[in-house]
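Engineer: Got a structure here, written out as structure tokens. Questions coming.
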């Protein structure tokens, strides 16, 4: 004798309510179909046996899935079981296929960017995001990540290379590789297609930052800086750059609480110095102590009248923001010094070259440039400090 089927009615399903905690409320429709009533809602389930085991198949949530639709899904599932197919396995395969279609390169890349937030410097992450949006997403973004092959990646990289942006092409390949390795670890991709692309891109030409190393030409530049009539923060940054030999980012992101004008000392915290985020979080990047000449102190005193009301030393025209990365280069260009002649970062090379020519002690130069110690003597100096000697040189020597 067959068991009764279609025992429920729309009215009964609609009016059914959860009874109490600790007791499961189920309304049976027959042939394995039942309505599981929980505090969070009503769920269609089907109990069945496959391969000698009792299993449960989720058929949807009421009222999104009506009684009629639940019965249709039950019928389809029973047909699959009769054909020797586990309906749960079919459901898993369909879900996986759907996930593969929605697991695009762009979706995975965005998850990778979220993961790296706090690990990479904000500026580094912003550059990575901008490069992906400009070069990678147009070609790869919409593609399921599992379907991307090495040749597909090369199709995205070749146009960059053809524009002569060799370094950009290499860096984007590296980022794409990082994203794929992240995907492989999360079982969202099977391989990193960039692994087979090593050596396929043209070698990045060696590029040196433009810098003036002739004393006479440097003198002309310093006179041009003195005559420059731009924004107060830009003028001060231009005048201090050849005095302090700092990296542009260390200079433009300065804050007033780092500077002691009475002691003529600027202490740049390790978190703002060059180094990996991991090393900075571990406190492995030391603070950089910069002695200030009387001229540098006077420049900063004048600037403090303009920007001393807030934390940033070199505030841009856009309030509450530091000077942009390219501000110094734009100012130099307006004075007739394009990128092939002199750039903001070039003041460090200028200082290093000319001070070595004037027989400054190499270790002192390296300390002033905040280069990592590479010799026993320099490591000792880094530990003990050579502030007195550096202060004397900063005040008395002219590059």
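In this note's numbering, the protein residues as written are 2 to 400.
The beta-carbon is built from N, C-alpha and C at its ideal position, and this holds for glycine as well.
Only a predicted model underlies this, so the values are computations on that prediction, with no experimental measurement involved.
Give the secondary structure of residue 328 by DSSP, where H, G and I count as helix, E and B as strand, and everything else as coil.
Structural biologist: The residue given as residue 328 occupies position 327 in the chain shown. In this structure, residue 328 counts as helix in the three-state DSSP scheme.
Engineer: Taking the continuous alpha helix (DSSP H) assigned at residue 171, which residues delimit it?
Structural biologist: Position 170 of the chain shown, counting from 1, holds the residue named residue 171. Taken as a continuous stretch (DSSP letters only), the alpha helix (DSSP H) holding residue 171 covers 167–186.
Engineer: In angstroms with no decimal places, state the Cα-to-Cα distance between residue 311 and residue 128.
Structural biologist: In the chain shown, residue 311 corresponds to position 310, counting from 1. In the chain shown, residue 128 corresponds to position 127, counting from 1. The straight-line gap from Cα to Cα measures roughly 28 Å.
Engineer: If you reduce the DSSP assignment to three classes, tell me which class residue 401 lands in.
Structural biologist: This structure leaves residue 401 out entirely; the chain is present only between 2 and 400.
Engineer: Classify residue 296 as buried or exposed, calling it buried when 16 or more other Cβ atoms lie within 10 Å of its own Cβ.
Structural biologist: Within the chain shown, the letter at position 295 stands for residue 296. Classification for residue 296: exposed.
Engineer: How would you write the range of the beta strand (DSSP E) that residue 401 sits in, first residue to last?
Structural biologist: In the structure as shown, the chain begins at 2 and stops at 400. Residue 401 is therefore absent and cannot be evaluated.
Engineer: According to the Cβ coordinates, are residue 286 and residue 271 closer than 8 Å?
Structural biologist: As a first step, residue 286 is located in the chain shown; it is residue number 285 there, counting from the start. As a first step, residue 271 is located in the chain shown; it is residue number 270 there, counting from the start. Yes. Within cutoff.
Engineer: Helix, strand or coil: how does DSSP classify residue 38 here?
Structural biologist: To locate residue 38, count along the chain shown from 1; it is residue 37. Here residue 38 sits in strand by DSSP.
Engineer: Can you tell me the Cα-Cα spacing of residue 76 and residue 193, whole angstroms?
Structural biologist: On the chain shown, position 75 is the one that residue 76 refers to. On the chain shown, position 192 is the one that residue 193 refers to. Roughly 43 Å between the two C-alpha positions.
Engineer: Cβ of residue 188 within 8 Å of Cβ of residue 145?
Structural biologist: What you label residue 188 is simply residue 187 of the chain shown in a count that begins at 1. What you label residue 145 is simply residue 144 of the chain shown in a count that begins at 1. Against a cut-off of 8 Å, the Cβ pair of residue 145 and residue 188 comes out as no contact.
Engineer: Under a three-way DSSP split, which group does residue 365 fall into?
Structural biologist: In the chain shown, counting from the first residue as 1, residue 365 sits at position 364. Here residue 365 sits in helix by DSSP.
Engineer: Roughly how many whole angstroms lie between the Cα atoms of residue 241 and residue 167?
Structural biologist: Here residue 241 corresponds to residue number 240 of the chain shown, with the count starting at 1. Here residue 167 corresponds to residue number 166 of the chain shown, with the count starting at 1. If you take the alpha carbons of residue 241 and residue 167, they lie about 33 Å apart.
Engineer: Helix, strand or coil: which one does DSSP assign to residue 264?
Structural biologist: The residue labelled residue 264 in the question sits at position 263 within the chain shown. If DSSP states are grouped into helix, strand and coil, residue 264 belongs with coil.
Engineer: Compare the beta carbon distance of residue 181 and residue 349 with 8 Å and say whether it is the shorter of the two.
Structural biologist: As a working note, residue 181 is residue 180 in the chain shown. As a working note, residue 349 is residue 348 in the chain shown. No, Cβ-Cβ distance for residue 181 and residue 349 is not below 8 Å.
Engineer: Which residues does DSSP list as the beta-bridge partners of residue 269?
Structural biologist: Start at 1 with the first residue of the chain shown, and residue 269 comes out as number 268. Residue 269 is bridged to 289.
Engineer: Using 10 angstroms around the beta-carbon of residue 243, count the other beta-carbons present and answer buried if the total reaches 16, otherwise exposed.
Structural biologist: The residue you call residue 243 lines up with position 242 of the chain shown. By the 10 Å Cβ count, residue 243 comes out buried.
Engineer: State the beta-bridge partners of residue 58 as determined by DSSP.
Structural biologist: Position 57 of the chain shown, counting from 1, holds the residue named residue 58. Beta-bridge pairing links residue 58 to 47.
Engineer: Kindly identify the DSSP beta-bridge partner or partners of residue 316.
Structural biologist: To locate residue 316, count along the chain shown from 1; it is residue 315. DSSP output for residue 316 lists 323 as bridge partner(s).
Engineer: Near residue 318, which residues of its chain fall below 7 Å by C-beta distance, leaving aside the five closest residues on each side in sequence?
Structural biologist: Taking the first residue of the chain shown as position 1, residue 318 is located at position 317. Cβ within range, chain order: 232.
Engineer: Any idea what DSSP makes of residue 382, helix, strand or coil?
Structural biologist: Counting from 1 along the chain shown, the entry for residue 382 is found at position 381. Legend: pLDDT at residue 382 = 47, less than 50; position of this residue unreliable, no value from coordinates given.
Engineer: Tell me the DSSP secondary structure of residue 375 in three-state form.
Structural biologist: As a position in the chain shown, residue 375 is number 374, starting the count at 1. Low per-residue confidence applies at residue 375: pLDDT is 40, beneath 50, and the placement is therefore not dependable, though the value from the model is reported in the following sentence. Coil.
Engineer: Whole-angstrom Cβ separation of residue 211 and residue 341, contact assumed at under 8 Å?
Structural biologist: For this step, residue 211 is matched to residue 210 along the chain shown. For this step, residue 341 is matched to residue 340 along the chain shown. So it is a contact: roughly 6 Å between Cβ atoms.
Engineer: Hey, residue 83 and residue 58: beta-carbon distance below 8 Å or not?
Structural biologist: Translated into the one-based positions of the chain shown, residue 83 becomes position 82. Translated into the one-based positions of the chain shown, residue 58 becomes position 57. For residue 83 and residue 58, no; Cβs fall outside 8 Å.
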